[in-house]
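Peer 1: Below is a structure I'd like to ask you about.
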Amino acid sequence: MPPEPPPAAPALLEVEDLHTYIGQHHILQGVSLRARRDAVTVILGRNGAGKTTTMRTIVGLLRPRAGAIRFEGRPIHGLPPYEIVRLGIGFVPEGQGIFATLTVDENLRVAMLDENPESRDRLPRIFALFPALERFRQARAGTLSGGQKQMLSIARAFVNPNRLLLIDEPSKGLAPIIVEHLVAALQEMKSQVTVLLVEQNFAMASALGDDFYLLDDGRTVHHGRMVDLVHDHALKKRYLGV
Amino acid sequence: MNGDRLTPVQLARQAERGRRFRQPAPYLRLACLVLAALVPLVVPSFQVLDLAAKIAIFAALVASYDVVLGYTGIVSFGHAMFFGFGAYAVALSLGKFGAPTYAHLAAGFLAGVALSATIAVLIGAFSLRVKAIFFAMITLAFAEFALILAVQLTHITGGEDGLSPKLPGIFAVSYEGGRLLGIPVTGRLVTYYFILAICLALFLVMARFIHSPLGRTLQAIRDNELRAEALGFRTFVFQIASSSFGSVVATVLGGCYVMWVRYANPESVLGIHVMLDLLLMVIIGGIGTLYGGIIGATFLLTAQTLLPHLRTVAASVFAGSMIMQRMTERWLLYFGILFILMVFFFPKGVIGTVRDALARRAPSPVSSPPHPASPLRGEEKR
Amino acid sequence: MRRAAPILATAALFLLPLAFMDARTYVTLTVAGLAMGMLIFLVAAGLTLIFGLMDVLNFAHGALFSWGAYVGFSVALLLNQRWGWAAAPSVPLNVLLLAASILAAMVVAVGLGILLERVIVRPVYGRHMFQILITLGATIVIEELIRMIWGPNDQVMPVPLTFQGSWDVADVIVLRFPVVAIVLGVLVYLGITLLLTRTRVGLIVRAGVENGEMIQVLGHNIYRYFTRVFAAGSALAALGGVMWAMFSQSVRPAMGGEQLIFAFIVVIIGGLGSVTGSLLGALIVGLSYNYVAFLVPKAAIGINMAIMVLILLLRPTGLFGAGK
Numbered sequence: 010m011p012p013e014p015p016p017a018a019p020a021l022l023e024v025e026d027l028h029t030y031i032g033q034h035h036i037l038q039g040v041s042l043r044a045r046r047d048a049v050t051v052i053l054g055r056n057g058a059g060k061t062t063t064m065r066t067i068v069g070l071l072r073p074r075a076g077a078i079r080f081e082g083r084p085i086h087g088l089p090p091y092e093i094v095r096l097g098i099g100f101v102p103e104g105q106g107i108f109a110t111l112t113v114d115e116n117l118r119v120a121m122l123d124e125n126p127e128s129r130d131r132l133p134r135i136f137a138l139f140p141a142l143e144r145f146r147q148a149r150a151g152t153l154s155g156g157q158k159q160m161l162s163i164a165r166a167f168v169n170p171n172r173l174l175l176i177d178e179p180s181k182g183l184a185p186i187i188v189e190h191l192v193a194a195l196q197e198m199k200s201q202v203t204v205l206l207v208e209q210n211f212a213m214a215s216a217l218g219d220d221f222y223l224l225d226d227g228r229t230v231h232h233g234r235m236v237d238l239v240h241d242h243a244l245k246k247r248y249l250g251v
Numbered sequence: 611m612n613g614d615r616l617t618p619v620q621l622a623r624q625a626e627r628g629r630r631f632r633q634p635a636p637y638l639r640l641a642c643l644v645l646a647a648l649v650p651l652v653v654p655s656f657q658v659l660d661l662a663a664k665i666a667i668f669a670a671l672v673a674s675y676d677v678v679l680g681y682t683g684i685v686s687f688g689h690a691m692f693f694g695f696g697a698y699a700v701a702l703s704l705g706k707f708g709a710p711t712y713a714h715l716a717a718g719f720l721a722g723v724a725l726s727a728t729i730a731v732l733i734g735a736f737s738l739r740v741k742a743i744f745f746a747m748i749t750l751a752f753a754e755f756a757l758i759l760a761v762q763l764t765h766i767t768g769g770e771d772g773l774s775p776k777l778p779g780i781f782a783v784s785y786e787g788g789r790l791l792g793i794p795v796t797g798r799l800v801t802y803y804f805i806l807a808i809c810l811a812l813f814l815v816m817a818r819f820i821h822s823p824l825g826r827t828l829q830a831i832r833d834n835e836l837r838a839e840a841l842g843f844r845t846f847v848f849q850i851a852s853s854s855f856g857s858v859v860a861t862v863l864g865g866c867y868v869m870w871v872r873y874a875n876p877e878s879v880l881g882i883h884v885m886l887d888l889l890l891m892v893i894i895g896g897i898g899t900l901y902g903g904i905i906g907a908t909f910l911l912t913a914q915t916l917l918p919h920l921r922t923v924a925a926s927v928f929a930g931s932m933i934m935q936r937m938t939e940r941w942l943l944y945f946g947i948l949f950i951l952m953v954f955f956f957p958k959g960v961i962g963t964v965r966d967a968l969a970r971r972a973p974s975p976v977s978s979p980p981h982p983a984s985p986l987r988g989e990e991k992r
Numbered sequence: 293m294r295r296a297a298p299i300l301a302t303a304a305l306f307l308l309p310l311a312f313m314d315a316r317t318y319v320t321l322t323v324a325g326l327a328m329g330m331l332i333f334l335v336a337a338g339l340t341l342i343f344g345l346m347d348v349l350n351f352a353h354g355a356l357f358s359w360g361a362y363v364g365f366s367v368a369l370l371l372n373q374r375w376g377w378a379a380a381p382s383v384p385l386n387v388l389l390l391a392a393s394i395l396a397a398m399v400v401a402v403g404l405g406i407l408l409e410r411v412i413v414r415p416v417y418g419r420h421m422f423q424i425l426i427t428l429g430a431t432i433v434i435e436e437l438i439r440m441i442w443g444p445n446d447q448v449m450p451v452p453l454t455f456q457g458s459w460d461v462a463d464v465i466v467l468r469f470p471v472v473a474i475v476l477g478v479l480v481y482l483g484i485t486l487l488l489t490r491t492r493v494g495l496i497v498r499a500g501v502e503n504g505e506m507i508q509v510l511g512h513n514i515y516r517y518f519t520r521v522f523a524a525g526s527a528l529a530a531l532g533g534v535m536w537a538m539f540s541q542s543v544r545p546a547m548g549g550e551q552l553i554f555a556f557i558v559v560i561i562g563g564l565g566s567v568t569g570s571l572l573g574a575l576i577v578g579l580s581y582n583y584v585a586f587l588v589p590k591a592a593i594g595i596n597m598a599i600m601v602l603i604l605l606l607r608p609t610g611l612f613g614a615g616k
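Residue numbers (our numbering), protein chains in the order written: chain A, 10 to 251; chain B, 611 to 992; chain C, 293 to 616.
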């Protein structure tokens, strides 16, 4: 089934018919999506559907063979990752990607970009969201719990005044109670930043998401409002097995 | 046997067998062999015979290095060391235990092979278990260690002077076997054909090895170690098996080398120069081609035989300029530049590049060539 | 603490030879061993940082060491022949000669290193086999250039008068140059450590050693840091080259290749990517070599190999390995 044309609301990020190869394998075979400003857009799909590959392609870690990525109307595909993120994109990778041998403070400092002097002023807001990080500021990040590591990873992407956050599977491997904390923190961040979220945990996805995109076999197969998906049991069963 | 009951390996082999005689390569290989066999009959010069014997030995040595480098994808700097083990084992066995006999010769080869196999497995177990990149560092350290040992253990190895063993029976210099086809049958001649036969046998064994299920597993590991690991292969066990196999072949060739030159010293069989020559030959001929060694060895050994003559010419031409003289003396510099350019622009060497060009011109009816396009592209992940 | 354990164990081990020799010999050997270790450390530090950050095993590192030694040699020779700075019984002139040699060697090595990184290494990032082959090819070329420019034979390195001979400290003969080498090694170690822990570049490099991909998606152009680290590593190799030339009072085209093997052993012992590990590994190698050479001369060549194999068995990622 071909993807329907995306909605015409003003989009912060537009991805159009993306094709990405890893080695000789054609992983993305036509992913299209738009992330509305000030909304949470969730990418759903089974394991191996191409969710993480989509995120890594957007942020420049993988180079698309075909297709277009536009951020605030400007094409960004083909740029190196360090230039892409400097346009105002924060990336929280799958598995957190924190620097275990560095302290929490150093992890945050390494993320602060020199041209954003207001980054330091954002720290109190971050510590208000994630009080544990302030408590363990001088501890090595490797000694944190899984949930704290995830918070650090999100905080690191939020330390610059980014307009878009890409968050890949934040709930993976975390206890339900920790996931609830995370949802609460992300709810609060929603008002300040646009979020593109990959999430397998449907409860979390539906709690946070405004829009959804469904990926299957490297293609966008469905999209719409999250509220509609919650009630569409046939679709959920077909693509998500829930 | 029913066709669809064949294993994938058998199927691939069958496909290869089918097109074997439609390709020029087997005939070229046969031509090389015939040429090498005819050398003593056609050209009576010892220099040419010497060159031919060394080309045969080094072609097989490069092929054995290629098994490790090209087909397994691990860089070893100890290959010359295993060659040296064979050389010293045979030289010691023949020279240190009374009058040389065939038994001494055989014992020398066996001892060398046993030593090499043990050391190769140990080095592999220490390094490959941790990380393939350690293998390069550790083999280099071991090679240096072996070189120092050979120099320092004067009472056994003869130190810098080395050993000059005598060969038994029909291999001895003094052997006269009458005339055959009008050619005097000497110990040299017998040795030459003996070495040629061993090199041929080793080539056949190596070809069998890389086309065996084990060889194919190795290529899978080389091309994608993570995937091979995910499929349940203990990758380092396979890598150890292959590097040990290549090392043992090198050891046998070291023994052959001593039989030919009747001399082994640290510089000529263990030195870093042997290793550099090997690397140059494998790069020139083509990594992952097995037979590239024939081209690499022929090119480099012929060049090295001719270069001293070139140097005397250059010395008389540039008699006035010190730096010009030095520039002509440093031919290794040009080989180094050639090496870098080959790695950058022709990573498949002469054979691989020609093979690609042929494949482009006349697309083969059977798809998927027997050798994956480039072993160097294999993604390595730690 | 986990980090302290290898240090304490090593320290205890190196008091052991005291049982087999008198204290005076022990001090002499220890000074020589520490000096040798510090010089190897200069080579290993660059190697380990380049590997840690860029995942590049730079086989050409030894050739840069040789180049440093030869440039330092030329400068020292020139200054001594023109103005007799090495032979003059003047401490400032002697020190000036050493400093000038080192500076010139480092400048040349940085240039060479940047060229090497941009032209040879950059196209093959992420492909180990290619890297090893290509940097080995570069080694052949760089070393042959030395033979072409300076000739293939050993030459005598002029050593400033101040650093020749020995001091007599309470009846113990302490050679002067090794002490200079030790002091320099300590300064370099402190310098690297301060740079890594106190500066923003150091912070980014440390983070990059752990996860280079993440550093890029945090907005840092990692290639700029690659070049800087490669240049710094080259400068350290050149510094090591000049110091080693004065230590052994000679220069040889192949000297870098031999040091590289020591540095490999050190890096494996200390753990790839760890500067502190390299220092510890280098001191272990330098000290044990000197003790064993005195006690059992024949075993000296094997001792470093034995230590390396032992470490690989007990702790495959090295004393301070990040387990990368």
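No residue lacks a Cβ here, since even glycine has one placed at the ideal position from N, Cα and C.
Can you grab the Cα-Cα spacing for the pair residue 355 (chain C) / residue 888 (chain B), in whole Å?
Peer 2: Their backbone Cα atoms lie some 20 Å apart in a straight line.
Peer 1: Give the interface partners of residue 330 (chain C) over in chain A, defined as CB-CB distance under 8 Å, in chain order.
Peer 2: Simply none; closest approach about 25 Å.
Peer 1: Quick one: is residue 644 (chain B) near chain C, going by C-beta distance under 7 Å?
Peer 2: no
Peer 1: Return no unless some Cβ of chain C is closer than 7 Å to the Cβ of residue 3 (chain A).
Peer 2: Any property of residue 3 (chain A) remains undetermined from this structure, which presents chain A solely from 10 to 251.
Peer 1: Would you say residue 755 (chain B) faces chain C, with C-beta separation under 7 Å as the test?
Peer 2: Yes, residue 755 (chain B) counts as interfacial toward chain C.
Peer 1: Between which two residues does the alpha helix (DSSP H) carrying residue 282 (chain C) extend?
Peer 2: Because chain C here runs from 293 to 616, residue 282 (chain C) falls outside it and cannot be looked at.
Peer 1: Please state whether the Cβ-Cβ distance between residue 737 (chain B) and residue 873 (chain B) is less than 7 Å.
Peer 2: no
Peer 1: Taking only beta-carbon positions, decide if residue 499 (chain C) is within less than 7 Å of chain A.
Peer 2: Yes, because at least one Cβ of chain A sits closer than 7 Å to the Cβ of residue 499 (chain C).
Peer 1: What does residue 102 (chain A) reach in chain C if we use C-beta pairs closer than 9 Å?
Peer 2: 505, 506 and 509
Peer 1: Please report the distance separating the alpha-carbon of residue 616 (chain B) from that of residue 63 (chain A).
Peer 2: 40 Å
Peer 1: Report the residue ranges of all beta strand (DSSP E) runs contained in full by the stretch 482-565 of chain C; include only those spanning at least 3 residues, in chain order.
Peer 2: none
Peer 1: What residues in its chain sit with their C-beta under 8 Å from that of residue 1063 (chain B), if we drop five residues either side in the sequence?
Peer 2: Since the first residue shown for chain B is 611 and the last is 992, residue 1063 (chain B) is missing from the structure and cannot be characterised.
Peer 1: Applying the 10 Å Cβ sphere with the 16-neighbour rule, what's the burial state of residue 541 (chain C)?
Peer 2: Taking every protein chain shown into account, the CB of residue 541 (chain C) has fewer than 16 other CB atoms within 10 angstroms, so this residue is exposed.
Peer 1: Step through the CB atoms of chain C and report whether any lies within less than 7 Å of the CB of residue 940 (chain B).
Peer 2: yes
Peer 1: Ordered along the chain, which non-local residues of its own chain (more than five positions away) have a Cβ less than 7 Å from that of residue 850 (chain B)?
Peer 2: Same-chain partners within the cutoff: 731, 734, 735 and 738.
Peer 1: What residue range does the beta strand (DSSP E) around residue 68 (chain A) cover?
Peer 2: No beta strand (DSSP E) holds residue 68 (chain A); DSSP gives it neither H nor E.
Peer 1: Nearest chain A C-beta to residue 616 (chain C) closer than 7 Å, yes or no?
Peer 2: With a pLDDT of 41 at residue 616 (chain C), under the threshold of 50, the modelled position of that residue is not reliable, and the figure given next carries that caveat. Judged by the 7 Å Cβ criterion, residue 616 (chain C) is not in contact with chain A.
Peer 1: Grouping DSSP H, G and I as helix and E and B as strand, with all else coil, what is residue 225 (chain A)?
Peer 2: strand
Peer 1: With distances taken between CB atoms, is the gap from residue 563 (chain C) to residue 612 (chain C) smaller than 7 Å?
Peer 2: yes
Peer 1: Looking only at C-alpha atoms, which of B:959, B:720, B:676 and B:657 sits nearest to residue 690 (chain B)?
Peer 2: Ranking B:959, B:720, B:676 and B:657 by Cα distance to residue 690 (chain B) puts B:676 first.
Peer 1: Use the C-beta contact count for residue 958 (chain B): other C-beta atoms within 10 angstroms, 16 or more gives buried, fewer gives exposed.
Peer 2: buried
Peer 1: Using the rule of at least 16 other Cβ atoms within 10 Å of the residue's Cβ for burial, across every protein chain shown, is residue 232 (chain A) buried or exposed?
Peer 2: Buried is the call here.
Peer 1: Starting from the N-terminal side, write out each stretch of the beta strand (DSSP E) that is 3 residues or longer and does not extend beyond the stretch 792-830 of chain B.
Peer 2: For the stretch 792-830 of chain B, whole beta strand (DSSP E) runs of length 3 or above, ordered along the chain, are 793-796.
Peer 1: Contact check, residue 424 (chain C) vs residue 349 (chain C) under 8 Å by CB: the rounded distance?
Peer 2: 6 Å
Peer 1: Whether or not the stretch 438-446 of chain C and the stretch 934-951 of chain B are in contact is what I'm after, with contact meaning three or more pairs of Cβ atoms, one per stretch, closer than 8 Å; do they touch?
Peer 2: yes
Peer 1: Using the C-alpha atoms, what's the distance from residue 858 (chain B) back to residue 905 (chain B)?
Peer 2: 22 Å
Peer 1: So which residues of chain A does residue 502 (chain C) contact, with C-beta pairs closer than 8 Å?
Peer 2: 108, 109, 110 and 111
Peer 1: List the residues of chain B that residue 342 (chain C) touches, going by C-beta distances under 9 Å, in chain order.
Peer 2: Within chain B, no residue comes near residue 342 (chain C); the closest Cβ sits about 13 Å away, beyond 9 Å.
Peer 1: Thinking residue 98 (chain A) and residue 71 (chain A) are a contact (beta carbons under 8 Å), I'd like their distance in whole angstroms, please.
Peer 2: That belief does not hold up - the Cβ atoms of residue 98 (chain A) and residue 71 (chain A) are roughly 15 Å apart, past 8 Å.
Peer 1: Could you please give the first and the last residue of the uninterrupted alpha helix (DSSP H) stretch that includes residue 200 (chain A)?
Peer 2: Taken as a continuous stretch (DSSP letters only), residue 200 (chain A) belongs to no alpha helix (DSSP H), as it is neither H nor E.
Peer 1: Is residue 712 (chain B) buried or exposed, if buried means 16 or more other CB atoms sit within 10 Å of its CB?
Peer 2: exposed
Peer 1: Leaving out five residues on either side along the sequence, give the residues of the same chain with a beta carbon under 6 Å from the beta carbon of residue 420 (chain C).
Peer 2: none
Peer 1: Going along the chain, which residues of the stretch 567-585 of chain C sit with their C-beta nearer than 7 Å to a C-beta in chain B?
Peer 2: Interface annotation for the stretch 567-585 of chain C against chain B: empty, criterion Cβ-Cβ distance under 7 Å.
Peer 1: Under 7 Å between beta-carbons, which chain B residues line up against residue 409 (chain C)? List them in chain order, please.
Peer 2: Simply none; closest approach about 15 Å.
Peer 1: Cα-Cα, which of B:913, B:961 and B:664 is closest to residue 801 (chain B)?
Peer 2: In this structure, B:664 is the residue among B:913, B:961 and B:664 with its C-alpha nearest to the C-alpha of residue 801 (chain B).
Peer 1: For a contact defined as C-beta to C-beta under 8 Å, what are the partners of residue 420 (chain C) on chain B?
Peer 2: 685, 742, 743 and 990
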